[in-house]
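From first to last, the protein sequence lines stand for chains L and D.
The opening position of the first sequence corresponds to residue 81 in this note's numbering, with each subsequent residue numbered one higher.
The opening position of the second sequence corresponds to residue 3 in this note's numbering, with each subsequent residue numbered one higher.
Glycine residues also receive a C-beta, built at the ideal position from the N, C-alpha and C atoms.
Before any comments, here is the structure.
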Amino acid sequence: GAGVSQTPSNKVTEKGKYVELRCDPISGHTALYWYRQSLGQGPEFLIYFQGTGAADDSGLPNDRFFAVRPEGSVSTLKIQRTERGDSAVYLCASSLTGLNSPLHFGNGTRLTVT
Amino acid sequence: SQELEQSPQSLIVQEGKNLTINCTSSKTLYGLYWYKQKYGEGLIFLMMLQKGGEEKSHEKITAKLDEKKQQSSLHITASQPSHAGIYLCGADSQAGTALIFGKGTTLSVSS
Chain L
81 GAGVSQTPSN KVTEKGKYVE LRCDPISGHT ALYWYRQSLG QGPEFLIYFQ GTGAADDSGL
141 PNDRFFAVRP EGSVSTLKIQ RTERGDSAVY LCASSLTGLN SPLHFGNGTR LTVT
Chain D
3 SQELEQSPQS LIVQEGKNLT INCTSSKTLY GLYWYKQKYG EGLIFLMMLQ KGGEEKSHEK
63 ITAKLDEKKQ QSSLHITASQ PSHAGIYLCG ADSQAGTALI FGKGTTLSVS S
């Protein structure tokens with residue numbers, strides 16, 4: 081079966097621009113997570129959806145970051161006025177229920193802000 | 003806030019040798035998850051531990067969670083080049099919350 085799919089795999093953008101990163105979770109998974117990973121670090125939690133609603137957005141670093149999951153499946157992470165410090169690999173994961181079920185990760189989107 | 007400390011940060015072993023990676027939390031964990039990551043790829047789920055004293059094995063990899071549910075170890079027996087990669091522990095302190103992760107342990111296996 082298909083795993084978690086993230087597009088694009090690579091994104092290069094100029095400082096100040098707006099970007100959207102897309103995540104297609106495993107079909108039937110109700111929970112969806114966004115993480116950010118910098119080189120040599122573990123994934124840093126950003127936001128967690130249960131169905132269509134954000135169950136926990138405490139990891140979003142500031143109001144330039146926003147994520148949606150309007151139909152409870154595909155999710156989009158949106159970053160406004162990008163800064164060089166936003167450069168990282170953005171990972172999406174989904175799990176069957178979000179409770180006692182492991183996260184399954186996509187291969188990530190590598191974002192480079194020049 | 004909860005933090006996970008992994009040790010060692012990196013490890014180089016000769017093929018065929020055994021090794022252990024540790025993951026320690028300052029707080030009691032609800033669940034502990036081990037993942038493996040190769041450069042440029044996502045995390046691959048290995049094992050999940052939830053009960054104090056629990057131990058699970060898959061092929062040559064064994065993971066344990068201590069009775070207090072604050073420390074876990076990942077043991078690889080007779081390491082092979084295919085075991086090389088970054089091993090990450092992730093944990094949640096409450097049911098239904100997002101996982102936090104350690105910084106990872108980079109394993110290299112020389113043949």
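query                                                                                                                                                                            : result
Can at least three beta-carbon pairs, one atom from the region 122-142 of chain L and one from the region 18-27 of chain D, be found at a separation below 8 Å?                  : no
Are the Cβ atoms of T189 of chain L and T93 of chain L separated by less than 8 Å?                                                                                               : no
Identify whether S9 of chain D lies in helix, strand or coil by the three-state DSSP scheme.                                                                                     : strand
Going by DSSP, which residues form a beta bridge with L109 of chain D?                                                                                                           : D:L13 and D:G87
Could you give the distance in angstroms between the alpha-carbon of E171 of chain D and the alpha-carbon of G55 of chain D?                                                     : The question about residue 171 of chain D has no answer here: the residues shown for chain D are numbered 3 through 113.
For S85 of chain L, collect the residues of the same chain with a Cβ closer than 8 Å to its Cβ; drop the 5 residues on either side in sequence, then sort them by chain order.   : C103, D104 and G186
Tell me whether A82 of chain L is buried or exposed, calling it buried when 16 or more other Cβ atoms sit within 10 Å of its Cβ.                                                 : exposed
For T99 of chain D, does the count of other Cβ atoms within 10 angstroms reach 16, so buried, or fall short, so exposed?                                                         : buried
Does the beta carbon of T30 of chain D sit closer than 8 Å to a beta carbon anywhere in chain L?                                                                                 : no
Evaluate H85 of chain D with the Cβ neighbour count: other Cβ atoms within 10 Å of its Cβ, from every protein chain shown; 16 or more gives buried, anything less gives exposed. : buried
So, are the CB atoms of Y32 of chain D and A97 of chain D less than 8 Å apart?                                                                                                   : yes
CB L157 of chain L to CB A173 of chain L, shorter than 8 Å?                                                                                                                      : no
If I follow the unbroken beta strand (DSSP E) through H77 of chain D, where does it start and stop?                                                                              : Q73 to I78
With a cut-off of 8 Å, does the C-beta of A65 of chain D fall near any C-beta of chain L?                                                                                        : no
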